[in-house]
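Below is one structure, written out as structure tokens; the observations come after it.
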Amino acid sequence: MLRDITLGQYYKAESPIHRLDPRTKLAATFAYLISLFLFKNPFVYMIAGGVLVCVIIASRVPVRYMLKGMKSVIFILLFTMLMSLFFTKGTVIWSFWKLRITKEGLSQSAYTGLRITMLILGSNILTLTTTPTRLTNALERVMSPLKIFRVPAHEIAMMMSIALRFIPILLEETDRIMKAQLARGADFESGNLFKKVKSLIPVLIPLFVAAFRRANDLAMAMEARCYHGGKGRTQMKPLKYARRDAAAYCLLIMYMALMIVTGLTLKSTPKTEALPAVSTNMISVSSDTLR
Amino acid sequence: MGIIKTNKLKYEYIRRDEDNNVEGITTALDGVSLDIKAGDFIAILGHNGSGKSTLARHINAILFPAEGTVVVDGMDTTDSSKLLDIRRTAGMVFQNPDNQIIGQLVEEDVAFGPENMGVPTEEIWQRVAESLEAVGMTAYREHSPNRLSGGQKQRVSIASVIAMHPKCMIMDEPTAMLDPGGRREVIEAAHKLNKTEGITVVLITHYMDEAAGADKVIVMDKGRIAMEGTPREVFSRVEELKSLRLDVPQSTELAWRLKKRGVDLPDGVLDRRELVEALIRVYKRNK
Numbered sequence: 001m002l003r004d005i006t007l008g009q010y011y012k013a014e015s016p017i018h019r020l021d022p023r024t025k026l027a028a029t030f031a032y033l034i035s036l037f038l039f040k041n042p043f044v045y046m047i048a049g050g051v052l053v054c055v056i057i058a059s060r061v062p063v064r065y066m067l068k069g070m071k072s073v074i075f076i077l078l079f080t081m082l083m084s085l086f087f088t089k090g091t092v093i094w095s096f097w098k099l100r101i102t103k104e105g106l107s108q109s110a111y112t113g114l115r116i117t118m119l120i121l122g123s124n125i126l127t128l129t130t131t132p133t134r135l136t137n138a139l140e141r142v143m144s145p146l147k148i149f150r151v152p153a154h155e156i157a158m159m160m161s162i163a164l165r166f167i168p169i170l171l172e173e174t175d176r177i178m179k180a181q182l183a184r185g186a187d188f189e190s191g192n193l194f195k196k197v198k199s200l201i202p203v204l205i206p207l208f209v210a211a212f213r214r215a216n217d218l219a220m221a222m223e224a225r226c227y228h229g230g231k232g233r234t235q236m237k238p239l240k241y242a243r244r245d246a247a248a249y250c251l252l253i254m255y256m257a258l259m260i261v262t263g264l265t266l267k268s269t270p271k272t273e274a275l276p277a278v279s280t281n282m283i284s285v286s287s288d289t290l291r
Numbered sequence: 001m002g003i004i005k006t007n008k009l010k011y012e013y014i015r016r017d018e019d020n021n022v023e024g025i026t027t028a029l030d031g032v033s034l035d036i037k038a039g040d041f042i043a044i045l046g047h048n049g050s051g052k053s054t055l056a057r058h059i060n061a062i063l064f065p066a067e068g069t070v071v072v073d074g075m076d077t078t079d080s081s082k083l084l085d086i087r088r089t090a091g092m093v094f095q096n097p098d099n100q101i102i103g104q105l106v107e108e109d110v111a112f113g114p115e116n117m118g119v120p121t122e123e124i125w126q127r128v129a130e131s132l133e134a135v136g137m138t139a140y141r142e143h144s145p146n147r148l149s150g151g152q153k154q155r156v157s158i159a160s161v162i163a164m165h166p167k168c169m170i171m172d173e174p175t176a177m178l179d180p181g182g183r184r185e186v187i188e189a190a191h192k193l194n195k196t197e198g199i200t201v202v203l204i205t206h207y208m209d210e211a212a213g214a215d216k217v218i219v220m221d222k223g224r225i226a227m228e229g230t231p232r233e234v235f236s237r238v239e240e241l242k243s244l245r246l247d248v249p250q251s252t253e254l255a256w257r258l259k260k261r262g263v264d265l266p267d268g269v270l271d272r273r274e275l276v277e278a279l280i281r282v283y284k285r286n287k
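Order-wise, the sequence lines are chains A and B. Position 184, counted from 1, in the first sequence is what the working numbering calls 184; the numbers after and before it change by one each time, with no gaps. Position 171, counted from 1, in the second sequence is what the working numbering calls 171; the numbers after and before it change by one each time, with no gaps.
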């Protein structure tokens, strides 16, 4: 059933991570993503990885579920890893035909792989432990200071939550229209790409017409229930910071401090692409001794 | 004076071509005068295009009269400062259950109206709990609306309206897209609210059997009120209803046909039970 699909892949569980205020989680995720790009250093990555593992365990989301999110990006992950493996200049350790693997390429590839994996797992924790409603709610609150720059924070959040509500309905509608057109002899399977895209037109037009009709109905229903924008609106589930959020922010600051200190003091591998080949070689030797 | 009062209400749909020239005018409402008493259960009948939905949208201040007035609980709908008050007084349930549920959870949808009205958080929770209880949907409060049946979705819509504590509830063909079971659920919920909470209900429908339970029936045709009265009065005028392209409830129709054949039955039989009782009386008399 298309209606059964869950959006935003929320995994229902009772955990300290689930209970955190979505704004805290949003800030933490953002900080974590930045921290991954600050330094390229095995120690920094060890800390980031360790923290990630701790958070995953604390979130009580099964690892299987976590890895499911990785499936869709596995191709990009492998592709970027292979690219950096074969196309980084440096000391050649293995070559075949035109392919060359360099020592720098090896480490670069490992870094890239780690970085992307942690990046995706890190942001997955946010969406796995936060309902879409709370997430949009948090975005509205985070964006609300931007109102002075005339950013319609409430409207954006409202649009997001309406979109989330209607995606399954529109998916089902697409399915229904496709079946109706198939029954009238439409052919979505054969032909080249151009033909296939063209064959979708009889699906898209009714879908758009229906979507506009729905939008019209919904707008009327919202107005009938006194909707008049974000002004003077109260909330059933307002976001409230609790003590655990303060604790989480403290931990976050400690984590960032640790990352920065480690990154600055234990300089093992500098950015390979930024430095000339000779010096890279020299320093990579030292990094080997460190390992 | 009643809670909803319209006076010589007129409304026209104006079709325009691309250059904004008037192509044609359809008069949807043509001099409708109504007076609905607080606490009544009113059914408005009419075939497609009779203007019944247009009338409903005037009561909720979604459409505004071209001529005449609509007064809801003493407030004129054209008074824009009273707009939100009018919409709060006269809640509206629409036809398509999917297109009127805004929240991603049942309870969040019910809370949408009170949130817009600026009700404090604790009171919203209280209102949500009461409203869901009143329509018997408490067990589903944390469900996604997408997984409910049509009848359940419409009951959520009703709960969403009564969470705003309205004095009346306008229902615009709420059962048109439902199966018979769902229809019964929704109509029963409306009757219950009418009786226990004293909410004035205006039910727009083209199902005759739904109108049979109302206090008063109004039949519309071509933007005018064609017939008005208790269900019994209206349904005893079978021929007139048929000329307006409306059907009467099955039992009424059967009684009417039998009567034409010479069986001594009363006028305006409303449901199966009445028909059975009337037939038993005839049978006993002839024995």
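The beta carbon of each residue, even a glycine, is placed where N, CA and C say it ideally should be. As the structure is a computational prediction, the values presented were derived from the model and not from experiment.
Chain B has no Cβ within less than 7 Å of the Cβ of L171 of chain A. Cβ atoms of M171 of chain B and A189 of chain B stay farther apart than 8 Å, at about 10 Å.
Residues are counted here when their Cβ sits less than 7 Å from a Cβ of chain B; for the stretch 210–232 of chain A these are R214, D217, L218, M220, A221, M222, E223, A224, R225, C226, Y227, H228 and G232, given in chain order. Residues are counted here when their Cβ sits less than 8 Å from a Cβ of chain A; for the stretch 100–115 of chain B these are Q100, I101, I102, G103, Q104, L105, E107, E108, A111, F112, G113, P114 and E115, given in chain order. Sequence-distant partners of G2 of chain B (beyond 5 residues in either direction) whose C-beta falls short of 7 Å from its own C-beta, in its chain, are D35, I36, K37 and A38. Among the CB atoms of chain B, one or more fall inside 7 Å of the CB of T133 of chain A. Checking the DSSP bridge columns, you'll see D30 of chain B partnered with B:K10.
Of the residues assessed, G113 of chain B falls on the buried side of the cut-off, its CB having 16 or more other CB atoms within 10 angstroms.
Closer than 8 Å at the C-beta level to chain B, one finds these residues of the stretch 155–184 of chain A: S161, I162, L164, R165, P168 and I169.
Within the same chain, I42 and I170 come within 6 Å of V202 of chain B by CB-CB distance, once the 5 residues on both sides are set aside. Neighbourhood of T129 of chain A in chain B, by CB distance below 9 Å: empty, with the nearest CB roughly 17 Å away. Residue burial annotation: D21 of chain A is buried, with at least 16 other C-beta atoms found within 10 angstroms of its C-beta. Between the stretch 201–216 of chain A and the stretch 234–253 of chain A there are fewer than three inter-stretch CB-CB distances shorter than 8 Å, so the stretches are not counted as touching. Residue contact check for L265 of chain B against chain A: no CB pair falls below 7 Å.
Around F94 of chain B, the same chain offers Q100 and D172 as residues with beta carbons nearer than 7 Å, after the five sequence neighbours per side are excluded.
For Q235 of chain A, the nearest CB of chain B lies under 7 Å from its own CB, placing it at the interface with that chain. Taking 7 Å as the CB threshold, P22 of chain A stays off the interface with chain B. Distance from the CA atom of D187 of chain A to the CA atom of I167 of chain A, rounded to whole angstroms, is 25 Å. Assignment of alpha helix (DSSP H) within the stretch 199–283 of chain A, counting only whole runs of 4 or more residues, yields 201–224 and 243–265 in chain order. Residue range F41 to L45 is occupied by the beta strand (DSSP E) that includes A43 of chain B. Note on geometry: alpha-carbon atoms of W97 of chain A and K195 of chain A lie some 40 Å from one another. Put simply, of B:L254, B:R285, B:V263 and B:G262 the residue whose alpha carbon is nearest the alpha carbon of L270 of chain B is B:L254. For R261 of chain B, no pairing in a beta bridge is given by DSSP. Within 10 angstroms of the beta-carbon of S190 of chain A lie fewer than 16 other beta-carbons, which makes it exposed.
For the pair I47 of chain A and M160 of chain A, the Cα-to-Cα distance works out to about 35 Å. The C-beta separation of T200 of chain B from D40 of chain B comes to about 6 Å, placing the pair in contact by the 8 Å criterion.
Of all residues in the stretch 117–137 of chain B, only M117, G118, V119, P120, T121, I124, W125 and V128 place a beta-carbon less than 8 Å from a beta-carbon of chain A. Against chain B, the CB of P238 of chain A has a partner CB under 7 Å away; the residue lies at that interface. Rounded to whole angstroms, the Cβ separation of L119 of chain A and L36 of chain A is 6 Å, and the two are in contact under 8 Å. Assigned with DSSP and collapsed to three states, R224 of chain B falls in strand.
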